[in-house]
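Presented below is the structure to which this report refers.
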Amino acid sequence: MEDYEADPRISRIVSHKVTRWLSEDADLEQQEESFLDYKRYVARKWVFMAICVVVIVMVMGFAVTYGTYDIGFLESYQIIWDHLTDNITNTTKDHIIVNLRMPRVVVGIVAGAGLSVAGAVMQSTLMNPLADSYTTGVSSGASFGATLAMTLGMTAAAGSQAIVINAFLFALIPTAMIISVSKMKNASPTTMIMAGIAIMYIFNAFTTVMMLWADESTLAEVYQWQVGTLAGTTWNEVPVMIVAVLAGIIAVQLLSRKLNVLATGDETARALGVDASKMRIILLVIVALMSAAVVSFTGLIGFVGLVTPHIVRIFIGADNRYLIPASAIAGSALLVTADLLGRAILSPVVLQVGVVMAFIGGPMFLWLLMRKNSRVWG
Amino acid sequence: MTKIDLNHVSFKYNASTPVLKDVTFSMDHPGLYCIIGPNGVGKSTLVKCINKLLEPTEGDITIDGRSIKDMTIKEVADYVAFVPANSFDCFSMPVIDTILIGRHNKQKWRTTAKDLNIVHKAMDMLDLGSLAMHGFNELSAGQHQRVALARGLVQETPVLILDEPTANLDVKHQVYVAEMLRDLSTRSGITVIMICHDLNIAARYAHQIIVMAPPGVVDCVGTPDEVITEDVIRRIYGIDCEIVTFENSPHVILKSTFGADEDALDWGEES
Numbered sequence: 004m005e006d007y008e009a010d011p012r013i014s015r016i017v018s019h020k021v022t023r024w025l026s027e028d029a030d031l032e033q034q035e036e037s038f039l040d041y042k043r044y045v046a047r048k049w050v051f052m053a054i055c056v057v058v059i060v061m062v063m064g065f066a067v068t069y070g071t072y073d074i075g076f077l078e079s080y081q082i083i084w085d086h087l088t089d090n091i092t093n094t095t096k097d098h099i100i101v102n103l104r105m106p107r108v109v110v111g112i113v114a115g116a117g118l119s120v121a122g123a124v125m126q127s128t129l130m131n132p133l134a135d136s137y138t139t140g141v142s143s144g145a146s147f148g149a150t151l152a153m154t155l156g157m158t159a160a161a162g163s164q165a166i167v168i169n170a171f172l173f174a175l176i177p178t179a180m181i182i183s184v185s186k187m188k189n190a191s192p193t194t195m196i197m198a199g200i201a202i203m204y205i206f207n208a209f210t211t212v213m214m215l216w217a218d219e220s221t222l223a224e225v226y227q228w229q230v231g232t233l234a235g236t237t238w239n240e241v242p243v244m245i246v247a248v249l250a251g252i253i254a255v256q257l258l259s260r261k262l263n264v265l266a267t268g269d270e271t272a273r274a275l276g277v278d279a280s281k282m283r284i285i286l287l288v289i290v291a292l293m294s295a296a297v298v299s300f301t302g303l304i305g306f307v308g309l310v311t312p313h314i315v316r317i318f319i320g321a322d323n324r325y326l327i328p329a330s331a332i333a334g335s336a337l338l339v340t341a342d343l344l345g346r347a348i349l350s351p352v353v354l355q356v357g358v359v360m361a362f363i364g365g366p367m368f369l370w371l372l373m374r375k376n377s378r379v380w381g
Numbered sequence: 347m348t349k350i351d352l353n354h355v356s357f358k359y360n361a362s363t364p365v366l367k368d369v370t371f372s373m374d375h376p377g378l379y380c381i382i383g384p385n386g387v388g389k390s391t392l393v394k395c396i397n398k399l400l401e402p403t404e405g406d407i408t409i410d411g412r413s414i415k416d417m418t419i420k421e422v423a424d425y426v427a428f429v430p431a432n433s434f435d436c437f438s439m440p441v442i443d444t445i446l447i448g449r450h451n452k453q454k455w456r457t458t459a460k461d462l463n464i465v466h467k468a469m470d471m472l473d474l475g476s477l478a479m480h481g482f483n484e485l486s487a488g489q490h491q492r493v494a495l496a497r498g499l500v501q502e503t504p505v506l507i508l509d510e511p512t513a514n515l516d517v518k519h520q521v522y523v524a525e526m527l528r529d530l531s532t533r534s535g536i537t538v539i540m541i542c543h544d545l546n547i548a549a550r551y552a553h554q555i556i557v558m559a560p561p562g563v564v565d566c567v568g569t570p571d572e573v574i575t576e577d578v579i580r581r582i583y584g585i586d587c588e589i590v591t592f593e594n595s596p597h598v599i600l601k602s603t604f605g606a607d608e609d610a611l612d613w614g615e616e617s
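Here it is in C-alpha cells:
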C-alpha cells in the first residue's frame, strides 16, 4: 500500500491489486527473481544436510579407529572400502573394523535417525515442542514389551523379530494414551508430557518387576537397556532395525506435506482436505513402530528425538518436507558423536550413550520448559 | 459460479442445546455475503457446517447440487477455502511457506514457479510482500490475519469462507480488505462468505447480508438496504440506532439507549 499517499482512494489501489491478482502472469521478471530467491533459500537446507552427512562420515572414521587395537584413521576407511569391494588384505584388522566396531556405528546411525524422525513427527503432529518418544512414554512402553519378550524367552522361539513386534505392541499403549490426552479440551503441551512421564514411570516399574524373574545373563542385558547403549551390538540386529526404521522414515517423508498441513491446527487441516485425527493416528503408529525397533536393540536412549528437531529447526526452519530428512541425518550425527564422546571422555571407562544424551538433552529439556514464550512455543 | 443451498439445517453439539435451528437459505450468485448477528448465535457453527468441519444433525447442504454429505473432505476443500478466526503455528515457518501450505491441494511435492507466483501475488495484494521471509510468529495479530487470508486466497477455490477476517485489522486495512473481497468476488465470480461484527463494514461492502438471531435461526437475508434498518438492529441486538445514508449505503449510528425491553440485554454465550 506504498502509494496511499499519492492516491488516497483505496478503491483505486484495490482495483489495481485485484487486476494483478486475476492476471495470469503478472510481473514475470519479478516472479523469476523471487523464484530464484526461494531456490537459494531451499538450497541452504540441502547444504545443512550435506554438512551433517560429512560429520557422520568423519565421526564414523574416528569411531572405528578408536579402541585398543591401533588402526589409523585413513586406514579405517581403506579397510571398509576393501571389505565392500571384496578385496580384504588383512583379515585381523578387517574382523576388528567390520565385525567388532562397525555394528556399533551403524546401529548408532540407524537409532539416531529413527528416534529423531520420531521426535520431529511427534512434535509436529501433537503441536508440542516437548514431545518425543521418550518424554511421551512410547519408548518405555516399547522397552517393557521387549523385556517381557526376553524374560519369557520369546527370543529363542522366534528370534529378534519377536522382541520388536512385542515392543511395538506395547508402544501402542502409550500412543493410544497420548492420542486421547491430545483430544482433551484445554490439554496444554505440558499436560501431555506430564501424562507421558506418568506412563513412563508405570512401565519402568513393570520392567523392574519383570527383572525379578530374569536370569543372570538376561538381567545384565536388561540393565544395559535401561541406560541406553550401543555396546554389544552385532550385525545380527541390524537388518530388522534398518528395515523398520527406513520404512518408517520413507512413510513419514511421503506424508511430510500433510504433516505441514496438520501442524497448522486441526480445523485448518480439515479445511485443506486433510483428516487431522486420522492422519495423527497413522503418523503416531509409524512413530511407535520406529521407536520399538530402535528401543528393542538399544534400550532407552532419551532426548535424541527431543533435541535434534529443535537444533535442525534453528538451521533450516520448520518445513517438515526438509525437517524430516534433515532430522534423520542430524540425529545420526548427534548419536554417533555422543557415543564416541562417551567412549573417549573418561577412557578407559565407557559412558553409555544414553547417559551422554541425558547430559546433553536434560538441560535442553529444562531450557525448553523455561522459555515458554519463545518462538518454539508460538 | 457456484451455488450453495442450505435446506433446513440444524446442528447441536449435545442433545439439550441446539445451536442452529432449521436454517434455510441459498447463495446462488457470486458476491460478498456477510453473516451478522449477536455473539453465540451460531455464525461460526453455520460456516463450519458449510465447510464440512461439522456435520449438520438435520437437514442438508448442497454445493452445485451435490450434497456435501456425499463429498469427501478433500473434495469439499477443492470447492471451499476456510480461514478460521484465529490461526497459529506451533513451529513458525516463514510467511511465504505458511502461505504455500494453502496450495496443498493443487501442489505436487515440489513447489513450482506457478505456486510461488500465486503466493507472491497474494502477498502483494495483502500488503505482505516485505514480510515474505519473516517468521509467522514474529508477526502481529493483524498481520497473522492477513497471512491467513492470503493462505485462503491461494487455494483458488470458488467459495471462500472467512471467520471475522477484519477483527484484528486497523481501520485502513479493514476498509482495504473489505473493498478487496467485494471487488474480487464481483470480478472473478467467486462466492465470499464472511462473518462480520462491524455493521458498517457489512452495510457498505456486502452484496447480501444474512442476519442471524437467537436461537440459531436466520432472521432475514437481503441487500444492505433491505436488512440494515432500525427495526432489524433493535430486534437482533436490542439496541437503538439511527440509519443514515452515506455514500449510497446505509450507515448505522448507535444510540446509547438499549431497545424497548431491558431484558433484551442478553449477553449470550461467547462463540
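Top to bottom, those sequences are chains A and B.
Per the numbering used here, the first sequence starts with residue 4, numbered consecutively.
Per the numbering used here, the second sequence starts with residue 347, numbered consecutively.
Quick reminder that beta carbons are idealized off the backbone N, C-alpha and C, glycines included.
For residue j and residue i, the rounded distance between their alpha carbons
i	j	result
residue 496(B)	residue 347(B)	21 Å
residue 331(A)	residue 154(A)	32 Å
residue 244(A)	residue 106(A)	12 Å
residue 564(B)	residue 556(B)	7 Å
residue 52(A)	residue 333(A)	7 Å
residue 318(A)	residue 218(A)	48 Å
residue 296(A)	residue 185(A)	25 Å
residue 452(B)	residue 501(B)	8 Å
residue 598(B)	residue 515(B)	20 Å
residue 326(A)	residue 71(A)	38 Å
residue 617(B)	residue 509(B)	Low per-residue confidence applies at residue 617(B): pLDDT is 41, beneath 50, and the placement is therefore not dependable enough to give any value.
residue 466(B)	residue 146(A)	49 Å
residue 374(B)	residue 328(A)	47 Å
Residue i in three-state terms, based on DSSP
i	result
residue 416(B)	helix
residue 219(A)	helix
residue 147(A)	helix
residue 325(B)	Coverage of chain B is limited to positions 347 through 617, which leaves residue 325(B) absent and any answer about it impossible.
residue 463(B)	helix
residue 141(A)	helix
residue 132(A)	coil
residue 359(B)	strand
residue 384(B)	coil
residue 405(B)	strand
residue 443(B)	helix
residue 437(B)	coil
residue 367(B)	strand
residue 481(B)	strand
residue 16(A)	helix
residue 252(A)	helix
residue 231(A)	coil
residue 277(A)	coil
residue 615(B)	Its pLDDT being 47, under 50, residue 615(B) is placed unreliably in this model, and the coordinates cannot settle the point.
Cβ separation of residue i and residue j, assumed to be a contact under 8 Å, to the nearest whole Å
i	j	result
residue 352(A)	residue 121(A)	30 Å between Cβ atoms; not a contact.
residue 438(B)	residue 481(B)	4 Å
residue 399(B)	residue 357(B)	Their Cβ separation, rounded to whole angstroms, is 11 Å, which puts residue 399(B) and residue 357(B) out of contact at 8 Å.
residue 577(B)	residue 596(B)	Incorrect: roughly 13 Å between the Cβ atoms, too far for contact.
residue 397(B)	residue 426(B)	5 Å
Endpoints, the beta strand (DSSP E) within which residue i is located
i	result
residue 559(B)	554-559
residue 308(A)	First-last for residue 308(A): 307-319, but that is the alpha helix (DSSP H), not the beta strand (DSSP E).
residue 507(B)	505-509
residue 426(B)	426-429
Residue interval of the alpha helix (DSSP H) (run including residue i)
i	result
residue 541(B)	That residue, residue 541(B), is in no alpha helix (DSSP H); its beta strand (DSSP E) goes 537-541.
residue 565(B)	Unbroken run through residue 565(B) is the beta strand (DSSP E), 563-568; no alpha helix (DSSP H).
residue 329(A)	323-347
residue 375(B)	Premise fails: residue 375(B) is in no alpha helix (DSSP H) and is neither H nor E.
residue 102(A)	Element bounds for residue 102(A): n/a, residue is neither H nor E.
Near the ligand MN: residue i beta-carbon under 7 Å from a heavy atom
i	result
residue 332(A)	As presented, the structure is devoid of all ligands, the ligand MN included, so that no description of it is given.
If the cut-off is 8 Å on Cβ atoms, which residues from the region 118-135 of chain A count as contacting chain B, listed in chain order?
126, 127, 130, 131, 132
Give me the subset of the region 305-324 of chain A whose CB atoms are less than 8 Å from a CB atom of chain B, sorted by chain position.
316, 320, 321, 322, 324
At a CB distance below 7 Å, what residues from the region 258-285 of chain A approach chain B? Give them in sequence order.
260, 263, 264, 266, 267, 268, 270, 271, 273, 274, 275, 276, 278
Members of the region 286-297 of chain A near chain B, C-beta cut-off 7 Å:
none
So if I threshold CB-CB distances at 8 Å, which residues from the region 508-538 of chain B count as touching chain A?
518, 521, 522, 525, 526, 529, 530, 533, 534
By the 9 Å beta-carbon criterion, what residues does the region 412-430 of chain B contribute toward chain A?
418, 419, 420, 421, 422, 423, 424, 426, 427, 428, 429, 430
Select from the region 12-26 of chain A all residues with a C-beta closer than 7 Å to any C-beta belonging to chain B, and list them in chain order.
13, 14, 17, 18, 20, 21, 23, 24, 25
Listed from N- to C-terminal order along the chain, which residues in the region 393-411 of chain B have their beta-carbon within a distance smaller than 7 Å of any beta-carbon of chain A?
397, 399
Mind checking the region 467-489 of chain B against chain A and listing, in chain order, the residues whose C-beta falls within less than 9 Å of any C-beta there?
467, 468, 470, 471, 472, 473, 478, 479, 481, 482, 483, 484
Chain A contacts from the region 368-382 of chain B (Cβ-Cβ distance under 7 Å)
none
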